[in-house]
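Colleague: Numbering (the working numbering), first residue to last: 1 to 722.
Before I ask anything, here is the structure I am working with.
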Ligand SMILES: [Zn+2]
């Protein structure tokens, strides 16, 4: 508010100066440029900035929400899922290492490595393929970013176009039509007489770079898919023989891809084919066995690939450059599914339902946590005119602790007083990309008197009033726009004008404004010891705050922290803004995320009923649209089939209702905040010791009559570094 009272007279001064200059009849020394050349470079910069912004994932909260002011929508480009070609799933290598350290050195065996570039194999014709029942088993270690589909193995017909799709395929395919999302193992089959193909899929995405045992069976009646010995899918849609004896010669079994180059990339080991449907018990026993001894009587085994002589049973594709490589591998067997995956619209292990349930159930997890935060208060060089008053800081601090302490979170305040007139006298823009200033389109978030109304973009200019004035050593406000090169530089010349009031040129080092990132870069505050609180004045959009999500890469560095509008800080009636922004920093979404922040009605975050897996990922906040009334919203426009909302969490701090209505967090929200304090923010706390997280023990290894159980270790950020 202080800033505002300063700006009003300034505006009048500018107008008066402009009028005087105009009356003098001087002309801008530069002809009005088309602006095109400049706009082009700007647009390139803008695209880069936009890309950067998309990664930034800031959570914004505006008391006057304009469309799109809440950047939580950006945050939903969730980190690449483990199976979608992202980095190697972090937990598995740790466990594998441990198994190896444990002394159980697995036997070295041979695996085929397919590069996915035409190195697929065909089974030689001497092998008689099963046609009424079969089992295919293999160990796989698929790489990320597979083709869709990627065929691991398949039975095809090479003779007739009409029967080409008869047979079976085992591979990886996406179940979503959105690009490469949700790649899963699948088994499809079309028998001799079937009209269409049946495909069954794994219930979860495959994990890149992890060994997995796959088995598919068909007994003439049921098709089944087993992953790591567990039956994950079945179908009774196909019946009868796979192909008739007449077409036997046309049938070809391919490994590592198909004739359409839908090739698999990764390892295949212990591939075996049976002329019977192995039962689950047999599959489990096959998994434990490296190979079936040659002398064992196994009439149902068509062949098992030991890779002792690949060329004896396989032939390469025609004009194929090379065979797949044979590599020696040593894997201690499959890794049971102990990973704690977040739901589709979550980000981290703290979004996992089981983890949150543990935080809910066990008070020990929500033990008292003290968290340090640092308020960055900027003064002028003489230690006068602070951005916020001491009273504001103290009042806000009290309000903060009143709000959080019932949930065992208390805040420890540090105030950093920065004496810097150059910073203090500049406008700090909360949410404006500097490159958008003077780009020929009005960006409300950049519209401010001290940006020259977005470099002139937001100003309706009557061309007739812009008689050309000379570059006359005076800052003519009439010419102080991008299209006149900001009066040819006169308004950014500190020799002739007060640049803190007149310099709007985004390319000038003297400009009157900074964006928040520039402020943070100048201050270089350690983000790993405190939650930093910065202040920025807002633009026309009146943004109240910007927070950094715990999963953002900036969360613990100088570019993280929270940015608040000083007008909504420590002022009665506005203190919940900071509480709300801290909620974002500790991993809370808006309670209306599942209704008002979804991209479409197919969005995996859409919340149709309270859920741990959609919307704000809290089961105890009912779905709600964005609204500001202290009560349930009136039935409104149809939103993906919803018209009315009951028992909405309007008194929740993470809603958009006013201070006199909001008063609480829900238990699930509290669980999430405690989880993120353990997972990400231990270094903000004087005492760093998270409770071990209680997850049901899970089987991680199975040897003969023994099993190995594992409990999850304490949650901390090292979880992701291993
Ligand atoms: Zn918000």
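The beta carbon of each residue, even a glycine, is placed where N, CA and C say it ideally should be.
Computed from a predicted structure; not experimentally measured.
Could you please give the first and the last residue of the uninterrupted beta strand (DSSP E) stretch that includes residue 109?
Modeller: For this step, residue 109 is matched to residue 109 along the chain shown. 109–114 is the span of the beta strand (DSSP E), which, as asked, contains residue 109.
Colleague: Could you check whether residue 625 and residue 633 sit closer than 8 Å to each other, using their CB atoms as the reference points?
Modeller: If you number the chain shown from 1, residue 633 lands on position 633. If you number the chain shown from 1, residue 625 lands on position 625. Yes, the Cβ-Cβ distance between residue 633 and residue 625 is below 8 Å.
Colleague: By how many angstroms is the C-alpha of residue 579 removed from the C-alpha of residue 513?
Modeller: Here residue 513 refers to the residue found at position 513 of the chain shown. Here residue 579 refers to the residue found at position 579 of the chain shown. Answer to the nearest angstrom: the Cα atoms are 27 Å apart.
Colleague: Relative to the C-alpha of residue 378, which candidate in 536, 223, 367, 473 has its C-alpha closest?
Modeller: Along the chain shown, read from residue 1 onward, the residue named residue 378 stands at position 378. Considering only alpha carbons, the answer is 536.
Colleague: Which residues bound the alpha helix (DSSP H) around residue 394?
Modeller: As a working mapping, residue 394 is identified with position 394 in the chain shown. Here the alpha helix (DSSP H) through residue 394 covers 390–404.
Colleague: May I have the straight-line CA-CA distance separating residue 217 from residue 154, to the nearest angstrom?
Modeller: Within the chain shown, the letter at position 217 stands for residue 217. Within the chain shown, the letter at position 154 stands for residue 154. Cα-Cα distance, rounded: 13 Å.
Colleague: Whose C-beta lies closer than 8 Å to the C-beta of residue 326 among residues of the same chain, with five residues either side of it excluded?
Modeller: Here residue 326 refers to the residue found at position 326 of the chain shown. Same-chain partners within the cutoff: 110, 111, 112, 113, 307, 310.
Colleague: For residue 168, does the three-state DSSP call read helix, strand or coil?
Modeller: Locating residue 168 in the chain shown gives position 168, counting from the first residue. Three-state DSSP puts residue 168 in a strand.
Colleague: Where does the unbroken alpha helix (DSSP H) through residue 585 begin, and where does it stop?
Modeller: Indexing the chain shown from 1 puts residue 585 at position 585. Here the alpha helix (DSSP H) through residue 585 covers 576–585.
Colleague: Could you round the C-beta distance between residue 506 and residue 438 to whole angstroms and report it? I think they count as a contact, below 8 Å.
Modeller: Within the chain shown, numbered from 1, the residue matching residue 506 stands at position 506. Within the chain shown, numbered from 1, the residue matching residue 438 stands at position 438. So it is a contact: roughly 6 Å between Cβ atoms.
Colleague: Is any heavy atom in ligand 1 found nearer than 7 Å to the beta carbon of residue 584?
Modeller: Counting from 1 along the chain shown, the entry for residue 584 is found at position 584. Yes, ligand 1 has a heavy atom inside 7 Å of this Cβ.
Colleague: Can you grab the Cα-Cα spacing for the pair residue 708 / residue 141, in whole Å?
Modeller: Residue numbering aside, residue 708 sits at position 708 when the chain shown is read from its first letter. Residue numbering aside, residue 141 sits at position 141 when the chain shown is read from its first letter. Near 22 Å, if we compare the C-alpha coordinates of residue 141 and residue 708.
Colleague: In three-state terms, what does DSSP make of residue 231?
Modeller: Within the chain shown, numbered from 1, the residue matching residue 231 stands at position 231. It is a strand residue.
Colleague: Can you tell me whether DSSP reads residue 316 as helix, strand or coil?
Modeller: Indexing the chain shown from 1 puts residue 316 at position 316. Correct three-state label for residue 316: strand.
Colleague: Mapping DSSP to helix, strand and coil, what is residue 657?
Modeller: Residue mapping note: residue 657 aligns to position 657 of the chain shown, counting from 1. Reduced to three states, the DSSP call for residue 657 is coil.
Colleague: May I ask you to list the residues that DSSP assigns as paired with residue 190?
Modeller: Numbered from its first residue, the chain shown carries residue 190 at position 190. 167, per the DSSP bridge assignment.
Colleague: Hey, would you say the C-beta of residue 574 is under 7 Å away from at least one heavy atom of ligand 1?
Modeller: For the purposes of this step, residue 574 is identified with residue 574 of the chain shown, where counting begins at 1. The answer is no for residue 574.
Colleague: Do residue 580 and ligand 1 come close, with the Cβ less than 7 Å from some heavy atom?
Modeller: Sequence index remark: in the chain shown, residue 580 carries index 580 (1-based). Yes; taking the cut-off as 7 Å, the Cβ of residue 580 has a heavy atom of ligand 1 nearer than that.
Colleague: Cβ-heavy atom distance between residue 590 and ligand 1 below 7 Å?
Modeller: If you number the chain shown from 1, residue 590 lands on position 590. Checking every heavy atom of ligand 1 against the Cβ of residue 590, one is found closer than 7 Å.
Colleague: Quick one: Cα of residue 128 to Cα of residue 183, how far?
Modeller: Position 128 of the chain shown, counted from the first residue, corresponds to residue 128. Position 183 of the chain shown, counted from the first residue, corresponds to residue 183. In a straight line, the C-alpha of residue 128 is about 32 Å away from that of residue 183.
Colleague: Do residue 356 and residue 131 have their C-beta atoms closer together than 8 Å?
Modeller: Walking along the chain shown from the start, residue 356 turns up at place 356. Walking along the chain shown from the start, residue 131 turns up at place 131. No; because the gap between Cβ atoms is not below 8 Å, this pair is not in contact.
Colleague: Shortest alpha-carbon distance to residue 375 belongs to which of 196, 416, 528?
Modeller: For the purposes of this step, residue 375 is taken as residue 375 along the chain shown, with counting starting at 1. Cα-wise, what sits closest to residue 375 is 416.
Colleague: Identify which residue in 241, 521, 202, 134 has its Cα closest to the Cα of residue 302.
Modeller: By 1-based counting over the chain shown, the position of residue 302 is 302. Ranking 241, 521, 202, 134 by Cα distance to residue 302 puts 134 first.
Colleague: Mapping DSSP to helix, strand and coil, what is residue 344?
Modeller: For the purposes of this step, residue 344 is taken as the residue at position 344 of the chain shown. In the structure shown, residue 344 sits in coil (DSSP, three-state: anything other than H, G, I, E or B).
Colleague: Are the region 363–372 and the region 662–682 touching, with three or more C-beta to C-beta distances below 8 Å?
Modeller: Output reads yes: the region 662–682 touches the region 363–372.
Colleague: Enumerate, from N- to C-terminal direction, the unbroken beta strand (DSSP E) stretches of 3 or more residues contained entirely within the region 474–534.
Modeller: DSSP runs (the beta strand (DSSP E)) wholly in the region 474–534: 513–515.
Colleague: If you run the structure through DSSP and keep just helix, strand and coil, what is residue 679?
Modeller: To locate residue 679, count along the chain shown from 1; it is residue 679. Note: residue 679 maps to helix in three-state DSSP.
Colleague: Count the other C-beta atoms from every protein chain shown that fall within 10 angstroms of the C-beta of residue 623, then say buried if there are 16 or more, exposed otherwise.
Modeller: Mapped onto the chain shown, residue 623 falls at position 623. Residue 623 is buried by the Cβ-count criterion.
Colleague: With a threshold of 7 Å on Cβ separation, who are the neighbours of residue 105 within its own chain once the five nearest residues in sequence on each side are excluded?
Modeller: To locate residue 105, count along the chain shown from 1; it is residue 105. Interpretation of residue 105 is limited by its pLDDT of 46, a score under 50 that renders its predicted location unreliable; the figure taken from the coordinates is listed afterwards. Here the set comprises nothing.
Colleague: Just tell me which of 543, 530, 577, 574 has its CA closest to the CA of residue 555.
Modeller: Residue 555 sits at position 555 when you count from the first residue of the chain shown. When only C-alpha atoms are compared, the closest one is 530.
Colleague: Between residue 430 and residue 557, is the Cβ-Cβ spacing less than 8 Å?
Modeller: Residue 430 sits at position 430 when you count from the first residue of the chain shown. Residue 557 sits at position 557 when you count from the first residue of the chain shown. No.
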